[in-house]
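Notes follow the structure.
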Amino acid sequence: SALSIGSYVCQARAARQTDEAVWDFVAPLVRNDVSDTDGDGAPTETPSAGDLHSVTADYIRIATDRLC
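To convert, take the position in the sequence shown, counting from 1, and add 78; that gives my numbering.
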């Protein structure tokens, strides 16, 4: 979920992980979260690579700005 992803981002920032390390861990979590947007566990249409990049950047930015 977005909250657990945000929590990881904050923990990684506090541990002074590199941006690349945060991205590498968060990107698959975001992909899974976005692919199950209705929350029923059934996969939905897979977003494009560009969409995933944009959404991952948004998750990290929002977590950094609002949660950390």
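Ideal Cβ positions, reconstructed from N, Cα and C, are used throughout, including at glycine. On a predicted model such as this, the values are computed, not experimentally measured, just so you know.
Under 9 Å between the Cβ atoms of residue i and residue j?
i, j, result
"Thr-133", "Val-100", "Going by the sequence as given, residue 133 is Val instead of Thr. Cβ distance not < 9 Å, so Val-133 and Val-100 don't count as in contact."
"Leu-107", "Ser-126", "no"
"Leu-145", "Cys-88", "yes"
Determine the DSSP secondary structure at residue i, reduced to helix, strand or coil.
i, result
"Arg-94", "coil"
"Ser-79", "coil"
"Ser-85", "helix"
"Thr-142", "helix"
"Ser-126", "coil"
Buried or exposed, going by whether 16 or more other CB atoms sit within 10 Å of the CB of residue i?
i, result
"Gly-84", "buried"
"Ala-90", "buried"
"Ala-141", "buried"
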